[in-house]
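Undergrad: Counting in numbering that gives the first Met the number 0, the sequence shown runs from 0 upward without gaps.
For glycine and all other residues, C-beta sits at the position ideal for the given N, C-alpha and C.
Once you've had a glance at the structure underneath, I'll fire off some questions.
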Amino acid sequence: MRRFIFLISLPLALAACKDDGTVTDDSAIGDDSGVVIDEDGDGYAADGDCDDNDASVNPGATEVPYDGVDNDCDESTVDDDLDGDGYAQADDCDDEDPAVNPGATEACNEIDDDCDGEVDNAVGDTWYADVDGDGYGDPTTGQVSCENAQGYVADNTDCDDTRDDVYPEAEEVCDEVDNDCDGTADEDVTLTFYQDVDGDSFGVDDATTQACAAPTGYAEVSGDCDDAEPAVNPAATEVCNEIDDDCDGVTDEDDAADAGTWYADSDGDTYGDAATSTVSCDQPTGYVADDDDCDDTDASLNPDTVWYVDYDADGYGATRITAQSCTQPSGFVANSDDCEDTDAAISPSAQEICDDIDNDCDGLTDDDDSSVDPSNGDTFYADADADGYGDASSTTLSCDTPSGYVSDDTDCDDTDSATNPGAAEACDGVDNDCDGVADSGLLGSDTLCAAESCLEILNDGSSTGDGDYYLDPLNTGTATLYTCDMTTDGGGWTLMADWDRQNDGEDETDFAAAYDVTFQGMGVWTTSSSALRWYDDDLSSDVLAVEKTLDVPNNGEVLVDLKYTGNSMECSGTFFYIEDAAGVDTNVICDEDTACHASSHGSDDYTAAELAYLPNYTCPLNTAGTWTWNSVYQVAGTDELTTFHLRSFHWDSNGGDNSNLYWLDVWVR
């Protein structure tokens, strides 16, 4: 509700606002009627009152801290953080002291300086528990406080806070305790004790220990020279036992309690002279324990001289009958060396021979005796490789088989234990079983035992049937796989060359690889789908020469498997033949009509150079014109075969005369 103050008196109406904001005649605000506005009735006009709706707020009011209100209408008057330390009263536990706030450092002053709710916490000095009250604290019990608590001290060097006689300044005593807390117990206060393993109260000098009292196994006194024997120590009595019983450094001295009396034995017959004696633990040289010698100058005479019967009178006695006397009885001798006193031929002076008897009585029989005469023994053969088979060239005579010798003499290599008549033959080029043949039964099975031919493999018994075998026909040292036919006509055939157009599709290049085309004068040299074809196409009388060197050792036999057709072969000819080491040509299969050309065509005959390719035999004339050969042809020459030949002659103008070779395989044996 709007309140109005009327000018009811002149003094009031003329009053002006003073400096404190009260209404005066100079500062009063009125409406058009001149009325001054003071809605909260606090005596301060609205334009001087910062909240004219609250009578407690005006320039004359006292500022009330922490109420969030500008009570005196003066913004410079502080309402919060009265101590000006940057912390409001809500966070500051003492807003009247700028040294107290959450950012302050706690100090020993009985004030919660950092406002964490605790007074003098985590500040001050570190104090240590002194449970035993010796003035030295336990370093593991430190706590921080402004004042020393009861039972705590500033020192932390006590190493045992349960004993008041243990602290850094305490006197070290020998009690196995580190009294002065220096990390070592009983230093410089222990006694030396000596190891006494045998328990005789004397210890050894070089095994000591420091202790307050003698530990188990130790003694106070040293000087024991054998700590494994309780009867040996400085207090023991010396006796004759090769031991220094009393540890005086001397063993078995003459004054030992049980030292014996010894008598001189000048003649060395083990009997002593009672008139000459000495006392000692050990027997002195030249002395014996016996004192019964009746003549100490003659070793052969003494009370126990033994004489031995010599029944066979060979000068050597036997022990079966003896006599004891100072003089030699009849039929007795002084030695007992005869090992057979019924045979005068057996004695130490006899010659040892091979008869299973110890002839010379040395305890060794026959070969065991190095003096044996082995002339009546047997011959034995050296077995250097210890395979049980001897070397016939290295012999010795002996009664029994000597070490390193055998009675067998069939070893063919006594340096190799794997080579002997009982060994299994191996593929290694060596006659392992000493049958006179190397690799017998294994020829051709590996490069190491290559054969010269398939026939050699067959004859050696090494064949395993048709197949491939390793051959080295020329003995070059390099083996190659060859195909062997071990069944046809008894087997032993070596394949020298094979070519097949019809079944394998091989061409003229393959043919040239299998066979040597030494002359090719045909007008046409080509392949059809099933054959190698050649012919003359210009009436020039053409010649073809093909050969294969047969470099495998053989007996002059050849197998030729071929299929060939010659069409319209008038005035032409084809020859398959072999040549042997003597230069003799032998026909395999041929047909020819080469002579017709000269008679039919005059000057167009084959030249001398061309006719030189004809073989050195006469082929039957065949004017039929067409020839077909499809078979396996077996032929024998007169000597070892060296070369297989194919020669073909053609004369025609349009290829009507033509040859067709479908396959060609050549084998030798």
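Are the stretch 621–639 and the stretch 531–542 touching, with three or more C-beta to C-beta distances below 8 angstroms?
TA: Judged by Cβ distances under 8 angstroms, the stretch 621–639 makes no contact with the stretch 531–542, as fewer than three pairs qualify.
Undergrad: Flag this pair as yes or no: are the beta carbons of D651 and L543 separated by less than 8 angstroms?
TA: Result no, Cβ atoms of D651 and L543 do not sit closer than 8 angstroms.
Undergrad: Under 8 angstroms, with one C-beta from each stretch per pair, do the stretch 346–361 and the stretch 383–390 reach the 3-pair mark?
TA: Touching, no.
Undergrad: Taking 8 angstroms as the cut-off, decide whether the C-beta atoms of V557 and V667 are in contact.
TA: Cβ atoms of V557 and V667: closer than 8 angstroms.
Undergrad: With a 10 Å radius around its C-beta and 16 neighbouring C-beta atoms as the bar for buried, classify A449 as buried or exposed.
TA: Buried is the call here.
Undergrad: Mind reading off the beta-carbon distance from I588 to Y632? Whole number of angstroms is fine, and I expect it under 8 angstroms.
TA: Contact flag correct, Cβ pair sits at about 6 angstroms.
Undergrad: Tell me the DSSP secondary structure of F201 in three-state form.
TA: In this structure, F201 counts as coil in the three-state DSSP scheme.
Undergrad: Over the uninterrupted alpha helix (DSSP H) stretch that includes R162, give me the two end residues.
TA: No alpha helix (DSSP H) holds R162; DSSP gives it neither H nor E.
Undergrad: Between which residues of its own chain and G316 is the CB-CB distance below 8 angstroms, once the five residues before and five after are set aside?
TA: The residues are W306, Y307, V308, D309, F331, V332, A333, N334, S335, D336, D337 and D340.
Undergrad: Tell me which residues share the same chain as L184 and place their Cβ nearer than 6 angstroms to its Cβ, disregarding the 5 neighbours each side in the sequence.
TA: Here the sequence assigns Ala to residue 184, which means Leu is not the residue at that position. Here the set comprises E175, V176 and D177.
Undergrad: Which term fits T463, buried or exposed, when burial requires 16 or more other beta carbons within 10 angstroms of its beta carbon?
TA: By the 10 Å Cβ count, T463 comes out exposed.
Undergrad: Looking at C-alpha atoms only, which residue of D124, V56 and D94 is the closest neighbour of Y65?
TA: Comparing Cα positions, the closest option is D94.
Undergrad: Compare the beta carbon distance of A288 and G267 with 8 angstroms and say whether it is the shorter of the two.
TA: Against a cut-off of 8 angstroms, the Cβ pair of G267 and A288 comes out as no contact.
Undergrad: Considering only residues of the same chain and omitting the five flanking positions on each side of T564, which have a CB-CB separation below 6 angstroms?
TA: These residues qualify, in order along the chain: T627 and N659.
Undergrad: Taking Cβ positions, are T687 and D243 nearer each other than 8 angstroms?
TA: Outside the shown range of the chain (0 to 668) lies residue 687, about which nothing can therefore be said.
Undergrad: Which residues does DSSP pair with W126 in a beta bridge?
TA: Paired residues: Q142.
Undergrad: What are the boundary residues of the alpha helix (DSSP H) that includes L457?
TA: Where L457 is concerned, the enclosing alpha helix (DSSP H) stretches over C453 to D459.
Undergrad: Can you give the Cα-Cα distance for N586 and C618, rounded to whole angstroms?
TA: For N586 and C618, the distance between alpha carbons rounds to 8 angstroms.
Undergrad: Threshold first: 3 residues or longer. Then list the beta strand (DSSP E) segments lying entirely within the stretch 619–653, N to C.
TA: For the stretch 619–653, whole beta strand (DSSP E) runs of length 3 or above, ordered along the chain, are 626–635 and 640–649.
Undergrad: Give every residue of the same chain whose Cβ lies closer than 8 angstroms to the Cβ of G271, excluding the five residues on either side of it in the sequence, and list them in chain order.
TA: Excluding sequence neighbours, G271 sits near W261, Y262, A263, D264, Y286, V287, A288, D289, D290, D291, D292 and D295.
Undergrad: How far does the beta strand (DSSP E) with Q194 in it extend, from its first residue to its last?
TA: Taken as a continuous stretch (DSSP letters only), the beta strand (DSSP E) holding Q194 covers L190 to Q194.
Undergrad: According to DSSP, is S406 helix, strand or coil?
TA: Coil.
Undergrad: Given that a residue counts as buried once 16 or more other Cβ atoms are within 10 Å of its Cβ, and exposed if not, what is L620?
TA: Looking at its Cβ environment, which holds fewer than 16 other Cβ atoms inside 10 Å, L620 is exposed.
Undergrad: Within a Cβ cutoff of 7 angstroms, which residues of the same chain sit near A273, ignoring the five residues on either side of it in sequence?
TA: If we look at A273 and ignore the five residues flanking it on each side, its Cβ neighbours are Y262 and D290.
Undergrad: At what residues does the beta strand (DSSP E) containing R500 begin and finish?
TA: Per DSSP, R500 belongs to no beta strand (DSSP E); it is in the alpha helix (DSSP H), R500 to D503.
Undergrad: Under 8 angstroms by Cβ, that's how I've got Q194 and V203 pegged, so tell me the actual separation to the nearest angstrom.
TA: The Cβ separation is near 5 angstroms, so the contact holds.
Undergrad: Measure the C-alpha to C-alpha separation of Q519 and F648 and round it to an integer number of angstroms.
TA: Distance between the alpha carbons of Q519 and F648 is about 11 angstroms.
Undergrad: Rounded to whole angstroms, what's the CA-CA distance from L663 to P472? Just pull it up for me.
TA: Going by the C-alpha atoms only, they are around 22 angstroms apart.
Undergrad: Please name the residue in D124, D50, S369 and D90 whose C-alpha comes closest to that of D111.
TA: Cα-wise, what sits closest to D111 is D90.
Undergrad: Between A580 and T641, is the Cβ-Cβ spacing less than 8 angstroms?
TA: Yes, they are a contact pair.
Undergrad: By the DSSP assignment, the beta strand (DSSP E) with L396 in it spans what residues?
TA: Here the beta strand (DSSP E) through L396 covers D390 to S397.
Undergrad: Three-state secondary structure (DSSP) at S265?
TA: Looking at S265 - three-state DSSP - the assignment turns out to be coil, as it is neither helix nor strand.
Undergrad: Name the one or two DSSP bridge partners that F709 has.
TA: Because the chain is modelled from 0 through 668, residue 709 falls outside the range shown and cannot be assessed.
Undergrad: Taking buried to mean at least 16 other C-beta atoms within 10 Å of its own C-beta, is Y151 buried or exposed?
TA: So Y151 ends up on the buried side.
Undergrad: Measuring CB atoms only, is the stretch 603–614 touching the stretch 546–554, in the sense that at least three cross pairs come out at less than 8 angstroms?
TA: Taking 8 angstroms as the limit for Cβ pairs, the verdict is that the stretch 546–554 does not touch the stretch 603–614.
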